[in-house]
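To convert, note that position 285 of the sequence shown is 284 in numbering that gives the first Met the number 0; the numbers rise steadily by one, no gaps. Where a beta carbon is used, it is the ideal one built from N, C-alpha and C, also for glycine. Working notes for the structure below.
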Amino acid sequence: MAEHLAREPLLLNEGSEHGFVKQTSFSESLVKWVLKILMWAIFIGWVALIFFYPSEFIQGLFQKWILLTSGTVFGYSGSIFLLFSAPVLIIAFLSIAYVTAFPRAYHWKKKSNSPRFSLWTFPVLIDGPFGVVSAAELIGILLFAAYIIWAVYAYTMQNYSSISKSSLPFKVKSYQMLDMSGLRLGSIGLFCLAFLFLPVSRGSILLRVIDIPFEHATKYHIWLGHLTMMLFTLHGICYMVSWVLQGRLIQEMLEWRNIGIANLAGVISLAAGILMWVTSLRPVRIQYFELFFYTHQLYVVFILFLAMHVGDFIFSIAAGGIFLFLLDRFLRFCQSRTTINIIAATTFPCGSVELVFSKPKNLRYNALSFIFLQVRELSWLQWHPFSVSSSPLDGRRHLSVLIKVLGEWTRKLQDNLINIPEQPSKGLTSQPYSTITASVEGPYGHESAYHLMYENLILVAGGIGISPFFAILSDILHRVQERKPCLPKNVLIVWAVKRSKELSLLSVVDAESICPSFSDKLHLEIQTYVTQESEPLLEDGNHYKSMNCSSFPMTNGSSMSSLVGTGNNIWSGSYIIISSFGFVILFGLLRAFYIRPFGISSWWFQGLLFIICMTVSVIIFGGLVVFLWHLWEEKVSKHEISMDENERSGSPQRKSDACQTNLACLRTTQYGCRPNFQEIFDSIAKRWGHVDVGVIVCGPPSLQSSVAKECRSQSLKCRLNQPIFHFNSHSFDL
0 MAEHLAREPL
10 LLNEGSEHGF
20 VKQTSFSESL
30 VKWVLKILMW
40 AIFIGWVALI
50 FFYPSEFIQG
60 LFQKWILLTS
70 GTVFGYSGSI
80 FLLFSAPVLI
90 IAFLSIAYVT
100 AFPRAYHWKK
110 KSNSPRFSLW
120 TFPVLIDGPF
130 GVVSAAELIG
140 ILLFAAYIIW
150 AVYAYTMQNY
160 SSISKSSLPF
170 KVKSYQMLDM
180 SGLRLGSIGL
190 FCLAFLFLPV
200 SRGSILLRVI
210 DIPFEHATKY
220 HIWLGHLTMM
230 LFTLHGICYM
240 VSWVLQGRLI
250 QEMLEWRNIG
260 IANLAGVISL
270 AAGILMWVTS
280 LRPVRIQYFE
290 LFFYTHQLYV
300 VFILFLAMHV
310 GDFIFSIAAG
320 GIFLFLLDRF
330 LRFCQSRTTI
340 NIIAATTFPC
350 GSVELVFSKP
360 KNLRYNALSF
370 IFLQVRELSW
380 LQWHPFSVSS
390 SPLDGRRHLS
400 VLIKVLGEWT
410 RKLQDNLINI
420 PEQPSKGLTS
430 QPYSTITASV
440 EGPYGHESAY
450 HLMYENLILV
460 AGGIGISPFF
470 AILSDILHRV
480 QERKPCLPKN
490 VLIVWAVKRS
500 KELSLLSVVD
510 AESICPSFSD
520 KLHLEIQTYV
530 TQESEPLLED
540 GNHYKSMNCS
550 SFPMTNGSSM
560 SSLVGTGNNI
570 WSGSYIIISS
580 FGFVILFGLL
590 RAFYIRPFGI
600 SSWWFQGLLF
610 IICMTVSVII
620 FGGLVVFLWH
630 LWEEKVSKHE
640 ISMDENERSG
650 SPQRKSDACQ
660 TNLACLRTTQ
670 YGCRPNFQEI
680 FDSIAKRWGH
690 VDVGVIVCGP
700 PSLQSSVAKE
710 CRSQSLKCRL
720 NQPIFHFNSH
730 SFDL
């Protein structure tokens with residue numbers, strides 16, 4: 000929500016078309032604002048409750064709330080869940096209503112010619128441990144830091160006050176202080192855990208309503224993960240130091256109480272968490288990605304034993320975010336079970352591969368989306384993210400990605416594609432030929448196509464980072480040709496590559512074929528930099544003729560499923576709502592007909608039953624919705640095919656050489672140097688004047704840092720005719 004509001008000065012009402020504003024009724028505007036206010040009010044109230052919970056006043060109110068509501072069938076767990084987890088689910092329900100009733104438009108018109116700063120696109124910190132941090136993100140970091148400092152201080156004062164009143168020996172007081180400090184650190188960590196799983200739900204309705212794509216949200220998950228595990232680790236250290244000083248470390252670590260905290264379950268949960276934490280550190284993650292990927296699946300052990308460690312009522316504090324993550328994970332699992340058709344494959348001389356997938360006609364995505372791809376012939380476990388290189392306007396039934404051959408997985412993929420035999424002639428009997436079995440999760444991305452927010456665009460790419468910019472360029476060209484609302488008028492592409500053969504990728508977009516005479520309506524400039532060659536090669540002009548295009552018959556699959564990402568709002572909303580109410584019903588029935596009648600009092604067992612209820616509700620209630628959703632998808636797909644057989648996905652034809660070089664004619668190439676962003680941005684400032692300039696970067700962290708520094712430097716000059724550069728990154732980094 001904050002990001003959407005921060006960007007709103009650049010936008011017009013969602014209904015604008017061809018430069019006109021679509022008038023909305025008073026009742027429609029009223030409902031929209033009521034939903035916004037409700038979401039904000041619940042969110043601010045929830046955050047305020049967590050922030051001020053360490054105060055004695057709020058803890059007193061909390062105790063009164065427990066006494067007032069614990070007499071229901073849901074008991075203490077229901078009271079705590081309603082206070083700390085239900086707000087997240089209620090916001091999700093309101094978000095479903097909001098995105099369904101008011102779908103985000105894909106075009107905008109500027110309200111004013113005066114450029115304005117945006118907290119979300121102004122980089123403040125660049126070279127620190129957090130990477131590139133915007134002003135809005137810095138505010139979030141400071142709020143979390145303030146909460147940790149305040150909570151530790153408040154709890155420490157309470158602990159000291161409580162212990163100082165007793166007449167116990169100093170040594171015993173020290174043990175108690177360590178135990179109570181460990182307890183309080185664990186409590187703070189649990190509140191951080193309530194946020195941890197929210198940004199890691201790839202198709203989350205919460206991320207959609209605030210228009211934060213998953214590749215941006217992953218860094219928030221990383222930050223929260225470090226903070227949460229630091230607190231949990233200190234929680235464990237405090238207790239272990241106390242036990243060591245008392246000479247009963249092993250005895251306490253192996254303790255598994257029925258009433259109270261089960262220490263051994265906590266030790267197992269903490270061990271799994273620390274292993275995930277250590278292997279997720281950037282040096283380990285970069286060098287040993289598979290180790291990071293596989294150990295991160297220990298989140299199942301971490302959550303399960305955490306619930307048994309603290310019991311159901313304490314676990315209820317963080318259950319809301321975890322439940323939404325389970326919903327997202329099950330939906331991704333259902334989508335990824337579908338094998339999809341690969342229509343065509345192209346290998347480029349620079350060591351890149353283009354794959355074209357079959358998709359349903361009604362699948363929605365935008366030009367800055369990405370997918371997760373699995374190829375079962377290579378690995379049943381590995382999923383790799385790739386930016387979509389095609390515009391949603393390129394074709395109704397296909398979607399393409401560009402893949403750079405860098406590691407073992409991509410090298411095997413390229414080898415498999417090259418070795419696929421030609422399709423046998425019709426009427427001839429042949430042996431079954433090799434195919435590639437692909438599964439896809441997504442597409443994920445921004446709810447709105449934010450590259451259309453700016454009249455002036457600078458797209459900065461490093462290597463294969465050019466892939467999403469092909470989708471942007473194609474999207475703009477289609478909109479210009481079809482006379483759809485399209486704000487961008489000036490586009491500068493700055494592309495740095497190591498070798499000139501990588502320039503052959505420019506053939507992916509046939510600008511003249513999409514929009515003849517596009518130069519009359521769009522000023523497009525392409526600056527390329529070949530960093531590891533001092534002069535052009537003799538065969539530089541022939542790169543476009545040296546492609547190896549491999550097309551192969553359909554696999555035994557189907558079109559890409561639209562279960563995840565920006566899928567059907569009504570079905571995805573029904574899935575979340577029905578699963579949530581199903582969980583409440585299951586848990587109520589469990590307490591009414593099992594826990595209470597049989598006197599189940601074990602904390603760890605009730606925590607286990609709580610997790611089982613969450614999982615079963617997702618599988619049974621959510622699974623029923625997914626099954627009906629899948630049947631509806633098949634029915635719609637068959638109807639579309641029968642109504643329009645001519646639009647069935649076929650192998651996209653590679654353009655002729657005359658058309659393939661049209662982008663090459665627009666580029667200027669410099670050899671043996673890197674882009675000088677100060678010179679580039681100074682030149683743009685003189686030419687474009689006092690305007691908003693959207694800068695989108697896709698490339699390595701060093702490239703993002705360089706561009707972010709220049710955006711910050713240029714925007715702070717505050718000259719009369721100086722543009723304001725809005726920094727946006729589109730690099731995926733797990």
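Original post:
What are the boundary residues of the beta strand (DSSP E) that includes Gly441?
Top reply: 437–443
Original post:
What is the rounded straight-line gap between the Cα of Pro391 and the Cα of Leu362?
Top reply: 9 Å
**OP:** Leaving aside the five residues before and after Ala317 along the sequence, list all residues of the same chain whose C-beta is less than 6 Å from its C-beta, in chain order.
**Re:** Leu189, Leu192, Ala193
Original post:
Do the CB positions of Thr739 and Val352 come within less than 9 Å of each other?
Top reply: Residue 739 falls outside the range modelled here, since the chain spans only 0 to 733, and no answer is possible.
Subject >> Gly473, buried or exposed, once every other Cβ within 10 Å from all chains shown has been counted against 16 >> reply: It is worth fixing the name first, because residue 473 is Ser in this sequence and not Gly. Counting Cβ neighbours within 10 Å, Ser473 comes out buried, since at least 16 surround it.
Original post:
Is Phe322 near Met38, with beta carbons less than 9 Å apart?
Top reply: no
Original post:
Looking only at C-alpha atoms, which of Ile209, Phe213, Leu195 sits nearest to Leu230?
Top reply: Leu195
**OP:** May I have the straight-line CA-CA distance separating Ile683 from Ile138, to the nearest angstrom?
**Re:** 30 Å
Subject >> Separation of Ser268 from Cys237, as counted between CA atoms >> reply: 16 Å
Subject >> For Gly693, the first and last residue of its enclosing beta strand (DSSP E) >> reply: Element bounds for Gly693: 691–697.
Subject >> Cβ-based burial, Pro198 [other Cβ within 10 Å; buried from 16] >> reply: buried
Original post:
How many Å lie between Ser506 and Ala134 at the Cα?
Top reply: 38 Å
Original post:
What's the gap between the Cα of Ser166 and the Cα of Asn262?
Top reply: Between Ser166 and Asn262, the alpha-carbon positions lie close to 28 Å from each other.
Original post:
Where Ile257 and Ala264 are concerned, what is the direct C-alpha to C-alpha distance, given to the nearest angstrom?
Top reply: The displayed chain sequence assigns Asn, not Ile, to residue 257. Distance from the CA of Asn257 to the CA of Ala264, rounded to the nearest whole angstrom, comes to 12 Å.
Original post:
Rounded to the nearest angstrom, how far is the Cβ of Leu562 from that of Gln413, given a contact under 8 Å?
Top reply: Contact doesn't hold; Cβ gap of about 29 Å is too wide.
Subject >> Residues near Ile513 by beta carbon distance below 7 Å, same chain, minus five either side >> reply: Ser473, Leu476, His477, Gln480
**OP:** Taking Lys117 and His725 to be in contact with their CB atoms under 8 Å, please state how far apart those CB atoms are, rounded to whole angstroms.
**Re:** Going by the sequence as given, residue 117 is Ser instead of Lys. That pair is a contact at about 6 Å.
Original post:
Roughly how many angstroms lie between the CA atoms of Gly259 and Trp602, to the nearest whole one?
Top reply: Between Gly259 and Trp602, the C-alpha separation is close to 6 Å.
Subject >> Nonlocal neighbours in the same chain, by C-beta distance under 8 Å from Ile79, ignoring five residues either side >> reply: Within the same chain, and ignoring the five residues on either side of Ile79 in sequence, the residues whose Cβ sits closer than 8 Å to its Cβ are Ile65, Phe312, Ile313, Ser315, Ile316.
Subject >> At least 3 beta-carbon pairs within less than 8 Å: the stretch 438–453 vs the stretch 671–687 >> reply: Flag = no, the stretch 438–453 and the stretch 671–687 do not touch.
Original post:
Who are the near neighbours of Pro212 in its chain, counting only those whose CB is closer than 6 Å to its CB and skipping five residues on each side?
Top reply: Gly444, His445
Original post:
What are the start and end residues of the alpha helix (DSSP H) that includes Ser728?
Top reply: Unbroken run through Ser728 is the beta strand (DSSP E), 723–728; no alpha helix (DSSP H).
**OP:** Decide yes or no for the touch test of the stretch 606–623 against the stretch 579–587: beta carbon pairs closer than 8 Å, at least 3 of them.
**Re:** Touching, yes, given that three or more Cβ pairs across the two stretches are closer than 8 Å.
Original post:
Should Gly224 go down as buried or exposed, given a rule of 16 or more other Cβ atoms within 10 Å for buried?
Top reply: buried
Original post:
How about Phe356 and Met559: are their beta carbons less than 9 Å apart?
Top reply: yes
**OP:** Measure the alpha-carbon distance for Lys685 versus Asp393 and round it to whole angstroms.
**Re:** 35 Å
Original post:
Leaving out the 5 sequence neighbours to the left and right, which residues in its chain are closer than 8 Å to Ser68 when beta-carbon positions are compared?
Top reply: This sequence places Thr at residue 68; Ser is not what is there. Within the same chain, Thr68 has close Cβ partners Gly77, Ser78, Leu81.
Original post:
Pick from Leu226, Leu182, Ala216, Ser203: whose alpha carbon is nearest that of Gly235?
Top reply: Leu182
Subject >> Between the CA atoms of Leu206 and Gln381 - distance to the nearest angstrom >> reply: 25 Å
**OP:** Under the assumption that Leu735 contacts Ile457 (Cβ atoms under 8 Å), give the Cβ distance between them as a whole number of angstroms.
**Re:** The structure shown does not extend to residue 735, since the chain is modelled only from 0 through 733, so no value can be given for it.
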